[in-house]
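Peer 1:
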Amino acid sequence: MRMHKSINYLQNAICNMRTHTITIAAAVPTIRLPAIPQALPELSTPPPLQQTFPRDRSLKLDQQSSQLRIGESTEVECYSSDSSYTDVIWERADGSPLPLNIQQIGNRLVISHVSASDAGDYRCKCKTDEGELYTTSYTLGIEEWPHEWKRPKLVHANVGSSAQLNCDAEVPGSYRWSRQYGQMQGDRDLYNERLELQDVQANDAGTYICTSSTPDGQSVDYPVILVVTGAIPRFHQEPVSYMSFPTLPESYIKFNFDITFRPEQPNGLLLFNGQKRGSGDYISLLLKDRYPEFRFDFDGKPMVIRSERPVSLNEWHTVRVNRFRRDGYIQVDDQHPVAFPTLAQISPLDLIEDLYIGGVPNWDMLPHDAVDQQAGFVGCISRLTLQGTIVELMKEAKLKEGITACRPCQQNPCENGGICLESQTEVAYTCICQQGWTGHNCGVEGTQCTPGICGRGRCENTETG
1 MRMHKSINYL QNAICNMRTH TITIAAAVPT IRLPAIPQAL PELSTPPPLQ
51 QTFPRDRSLK LDQQSSQLRI GESTEVECYS SDSSYTDVIW ERADGSPLPL
101 NIQQIGNRLV ISHVSASDAG DYRCKCKTDE GELYTTSYTL GIEEWPHEWK
151 RPKLVHANVG SSAQLNCDAE VPGSYRWSRQ YGQMQGDRDL YNERLELQDV
201 QANDAGTYIC TSSTPDGQSV DYPVILVVTG AIPRFHQEPV SYMSFPTLPE
251 SYIKFNFDIT FRPEQPNGLL LFNGQKRGSG DYISLLLKDR YPEFRFDFDG
301 KPMVIRSERP VSLNEWHTVR VNRFRRDGYI QVDDQHPVAF PTLAQISPLD
351 LIEDLYIGGV PNWDMLPHDA VDQQAGFVGC ISRLTLQGTI VELMKEAKLK
401 EGITACRPCQ QNPCENGGIC LESQTEVAYT CICQQGWTGH NCGVEGTQCT
451 PGICGRGRCE NTETG
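The opening residue of the sequence shown carries number 1 in full-length UniProt numbering; numbering runs sequentially from there.
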C-alpha cells in the first residue's frame, strides 16, 4: 500500500489512500505546528573545570654573598615565591637585636662593614593575611684568618670609563676579589686574576683586595686602590652651565631633598623643578647675597623662605628642604631649621618638567617669582639627594652643559701619605690613611680600622682616632 498526503493550510487536508482495488478519500483536520524560529538558541555549556594548584607561599632569598671578610658589605633580598605578600621582617635567629651596621631596608637586609661578631644566622619571616607564618634563613660566615698583606697599588680611572685591576700575585694559584668598605659592582667575575669594572663612578672608588691562595694553603692579600677622577661637577656659567634629571618623584603632598655645594659667587640658582614652561607650580633653591632661599608655588601661592645666616664662599655647605602636607622647613648645615608658613589647607604640588641643578638652558622657562635674578650657580656640587635617594650626578644626568671637573683632591687634603678619593659626601672627598694614622684627613696618630684589628669587636674611625 502506498500513501500520498497533501496538506491544505486552510481548514482540512485530503488524505488519499490507494489499495490494490479501491481508493479511499477522507477529510482530516489540519494541525497547526508552532512557528520554527529563524535561529536556534545557543546551547548552554558548563564552564570548563579549572585545575587548581596549591599556592607556593615559600620565601626565597636573592643574595650577593654569604661568606665575607671583615670589612666587606653585602645585601640579601627576601621575597615570596608567588608574590602574594611582600612585608617581611628580618631578625637574628638567636633573638638578639640587629647590629648597628646591619639594617632592614624594605625587604632587604643591608650588611655594611662586617666584623667577626656579625657572623651567624639571620631569619626572614612573614605572616600572611590568613595567619600563616613562613620563614627562611640566611647564614653569614666571616673569614677571620689573617693573611699576609702586600703594599697597596694605585689605579686611576676617569668617571664613566672602565678600570682593570690586576692581582699581580707572585705565585700562581686561585684568586678571589673582595672590596673593603663598599659594594662590589654586580655581575663581576670575582675569581679571576683580573677584575674588570665598567662605567666607574665616585662610589666605585676605594680599596679592592685580591686574595691569592696557593695549592699548599698559603694565602696573600694584594690590595688595589681605585682612584676615580672627574666625579664632582663644577659649574662655570661661561656662558651657561646646568645638569638635568627626571622630575622630583612622588612630590604631590610631600618631598625632601638636600644638596651639598661649594659656592664661588654670592648669587645663583642651585635647583629648579617646574610644572610647565613659564608658569604653574614650581620649587627653586637659590643663593641671594649668600643667603640660601627656597621659593615655591603650590597652587598659585608663591612663597619665599630664607635661611637664618649666610653661607661662606669657597666652603662646603649642605641645604636640606622637607615638606609634608601643610608643613615644611629649610635647614642650612647645623643652623636652626626655618619653617614654612603653615598652609591653611593642603596644596598639592604638581611637577612635570625636568629637575635642573646649577642653572637652566633658558630663563624663559622659569616663572617670574621663581628667581630674583637670572644668574646660574658658580661653584661645585658634590651631592644631591632626592626623596632619600642619592643621585649619581655624572651617571644619571639626562643633560650636561658647561660642566667641568671640580677636583676636590687637588689641594692634597689627606695628610701623612693618605690617599684622597673624590666622593659624593659633604666635603666631596674621603681619605684612605696609611698605617699608623687615622682621622678624617689622616692627621691623628693612631691605627685606623683595618680588617681584624678589633678581633671579634667592632672598630669605628673617629676624628680623634
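Cβ coordinates follow ideal geometry from the N, Cα and C atoms, glycine included.
Output yes or no for whether 7 angstroms exceeds the beta carbon distance between His-113 and Tyr-181.
Peer 2: Locating residue 113 in the sequence shown gives position 113, where the first residue counts as 1. Locating residue 181 in the sequence shown gives position 181, where the first residue counts as 1. Closer than 7 angstroms, so yes.
Peer 1: Which value, in whole angstroms, describes the spacing of the CA atoms of Val-311 and Tyr-291?
Peer 2: Here residue 311 is taken as the residue at index 311 of the sequence shown, counted from 1. Here residue 291 is taken as the residue at index 291 of the sequence shown, counted from 1. If I take the Cα positions, the gap works out to 6 angstroms.
Peer 1: With a threshold of 16 other CB atoms inside 10 Å of the CB of Phe-272, please say whether the residue is buried or exposed.
Peer 2: Indexing the sequence shown from 1 puts residue 272 at position 272. Buried, because 16 or more other Cβ atoms sit within 10 Å of the Cβ of Phe-272.
Peer 1: State the DSSP-derived secondary structure class of His-368, mapped to helix, strand or coil.
Peer 2: Start at 1 with the first residue of the sequence shown, and residue 368 comes out as number 368. DSSP places His-368 in helix when its eight states are reduced to three.
Peer 1: How big is the Cα-Cα spacing for Leu-69 and Leu-226?
Peer 2: Walking along the sequence shown from the start, residue 69 turns up at place 69. Walking along the sequence shown from the start, residue 226 turns up at place 226. For the sequence presented, residue 69 should be read as Arg rather than Leu. About 19 angstroms.
Peer 1: Tell me, please, which residues DSSP counts as bridged to Lys-288.
Peer 2: One-based indexing of the sequence shown puts residue 288 at position 288. Bridge partners of Lys-288: Tyr-291.
Peer 1: With Ala-375 and Gly-268 assumed to form a contact (beta carbons below 8 angstroms), what rounded beta-carbon distance in angstroms separates them?
Peer 2: On the sequence shown, position 375 is the one that residue 375 refers to. On the sequence shown, position 268 is the one that residue 268 refers to. Taking 8 angstroms as the upper bound for CB-CB distance, Ala-375 and Gly-268 are in contact here, some 5 angstroms apart.
Peer 1: Using DSSP's beta-bridge definition, name the partner residues of Trp-316.
Peer 2: Translated into the one-based positions of the sequence shown, residue 316 becomes position 316. DSSP output for Trp-316 lists no bridge partner at all.
Peer 1: Is DSSP giving Asp-168 helix, strand or coil here?
Peer 2: Looking up residue 168 in the sequence shown gives position 168. In this structure, Asp-168 counts as coil in the three-state DSSP scheme.
Peer 1: Leaving out five residues on either side along the sequence, give the residues of the same chain with a beta carbon under 6 angstroms from the beta carbon of Pro-223.
Peer 2: Taking the first residue of the sequence shown as position 1, residue 223 is located at position 223. Cβ within range, chain order: Pro-152, Thr-207, Ile-209.
Peer 1: Output the distance between the C-alpha atoms of Val-240 and Val-360, rounded to the nearest integer angstrom.
Peer 2: Residue mapping note: residue 240 aligns to position 240 of the sequence shown, counting from 1. Residue mapping note: residue 360 aligns to position 360 of the sequence shown, counting from 1. Approximately 8 angstroms, taken between the alpha carbons.
Peer 1: Just to confirm before moving on: does the CB-CB distance between Thr-139 and Asp-118 stay below 7 angstroms?
Peer 2: Taking the sequence shown and counting its residues from 1, the one referred to as residue 139 is at position 139. Taking the sequence shown and counting its residues from 1, the one referred to as residue 118 is at position 118. No, these two residues do not count as a Cβ contact at 7 angstroms.
Peer 1: What is the DSSP secondary structure of Gln-104, reduced to helix, strand or coil?
Peer 2: Translated into the one-based positions of the sequence shown, residue 104 becomes position 104. Three-state result, Gln-104: strand.
Peer 1: Can you tell me whether DSSP reads Asp-129 as helix, strand or coil?
Peer 2: Along the sequence shown, one-based indexing puts residue 129 at 129. Residue state, collapsed to three classes: coil.
Peer 1: I need the straight-line Cα distance from Glu-445 to Thr-247, nearest angstrom please.
Peer 2: Here residue 445 refers to the residue found at position 445 when the sequence shown is read from its first residue. Here residue 247 refers to the residue found at position 247 when the sequence shown is read from its first residue. Those two C-alpha atoms are separated by around 46 angstroms.
Peer 1: Since I believe Ile-111 is in contact with Ser-73 (beta carbons under 8 angstroms), could you give me their beta-carbon distance rounded to a whole number of angstroms?
Peer 2: Taking the sequence shown and counting its residues from 1, one reaches residue 73 at position 73. Taking the sequence shown and counting its residues from 1, one reaches residue 111 at position 111. Their Cβ separation, rounded to whole angstroms, is 6 angstroms, which keeps Ser-73 and Ile-111 in contact under 8 angstroms.
Peer 1: Which whole-angstrom value is the C-beta distance of Glu-148 and Gln-67, which I expect to be below 8 angstroms?
Peer 2: Residue mapping note: residue 148 aligns to position 148 of the sequence shown, counting from 1. Residue mapping note: residue 67 aligns to position 67 of the sequence shown, counting from 1. No, Glu-148 and Gln-67 are not in contact; Cβ-Cβ is about 20 angstroms, not under 8 angstroms.
Peer 1: Can Pro-249 and Ile-403 be called in contact, C-beta distance under 7 angstroms?
Peer 2: Residue numbering aside, residue 249 sits at position 249 when the sequence shown is read from its first letter. Residue numbering aside, residue 403 sits at position 403 when the sequence shown is read from its first letter. Cβ distance not < 7 angstroms, so Pro-249 and Ile-403 don't count as in contact.
Peer 1: Quick one: give me the first and last residue of the beta strand (DSSP E) that Leu-68 is part of.
Peer 2: Translated into positions along the sequence shown, residue 68 becomes position 68. From DSSP, the beta strand (DSSP E) with Leu-68 extends over 67-69.
Peer 1: Just mark Thr-318 as buried or exposed, buried being the case when its beta carbon has 16 or more other beta carbons within 10 Å.
Peer 2: The sequence position of residue 318 within the sequence shown is 318, counting from 1. Buried: at least 16 other Cβ atoms inside 10 Å.
Peer 1: In whole angstroms, what is the alpha-carbon distance linking Ala-93 and Val-76?
Peer 2: Here residue 93 refers to the residue found at position 93 when the sequence shown is read from its first residue. Here residue 76 refers to the residue found at position 76 when the sequence shown is read from its first residue. C-alpha separation (whole angstroms): 15 angstroms.
Peer 1: Are the segment 395-412 and the segment 320-328 in contact at 8 angstroms, needing three or more beta carbon pairs?
Peer 2: Counting Cβ pairs under 8 angstroms, fewer than three are found: no touch.
Peer 1: Alpha carbon to alpha carbon, what distance is there between Lys-398 and Trp-363?
Peer 2: Position 363 of the sequence shown holds residue 363. Position 398 of the sequence shown holds residue 398. Going from the Cα of Trp-363 to the Cα of Lys-398 covers about 19 angstroms.
Peer 1: When you compare only the Cα positions, how much space is there between Gly-418 and Glu-264?
Peer 2: Position 418 of the sequence shown holds residue 418. Position 264 of the sequence shown holds residue 264. Cα to Cα, the separation comes out at about 27 angstroms.
Peer 1: In whole angstroms, what separates the C-alpha of Phe-192 from that of Gly-217?
Peer 2: Here the question's residue 192 lines up with position 192 in the sequence shown. Here the question's residue 217 lines up with position 217 in the sequence shown. Reading the sequence as shown, one finds Asn at residue 192 and not Phe. Approximately 18 angstroms, taken between the alpha carbons.
Peer 1: Any idea what DSSP makes of Met-394, helix, strand or coil?
Peer 2: By one-based count along the sequence shown, residue 394 stands at place 394. Note: Met-394 maps to helix in three-state DSSP.
Peer 1: Quick one: using the 10 Å Cβ neighbour count with 16 as the cut-off for buried, is Asn-107 buried or exposed?
Peer 2: One-based indexing of the sequence shown puts residue 107 at position 107. Classification of Asn-107: buried, given that the 10 Å Cβ count is 16 or more.
Peer 1: Assuming contact is defined by CB atoms lying nearer than 7 angstroms, are Gln-237 and Glu-196 in contact in what I supplied?
Peer 2: For the purposes of this step, residue 237 is identified with residue 237 of the sequence shown, where counting begins at 1. For the purposes of this step, residue 196 is identified with residue 196 of the sequence shown, where counting begins at 1. Cβ distance not < 7 angstroms, so Gln-237 and Glu-196 don't count as in contact.
Peer 1: Could you check if Ala-339 is buried or exposed, using at least 16 other CB atoms within 10 Å of its CB as the buried criterion?
Peer 2: Here residue 339 is taken as the residue at index 339 of the sequence shown, counted from 1. Result: exposed.
Peer 1: What residues are listed by DSSP as bridge partners for Thr-139?
Peer 2: As a position in the sequence shown, residue 139 is number 139, starting the count at 1. In the DSSP output, where bridge partners are listed per residue, Thr-139 has Asp-121.
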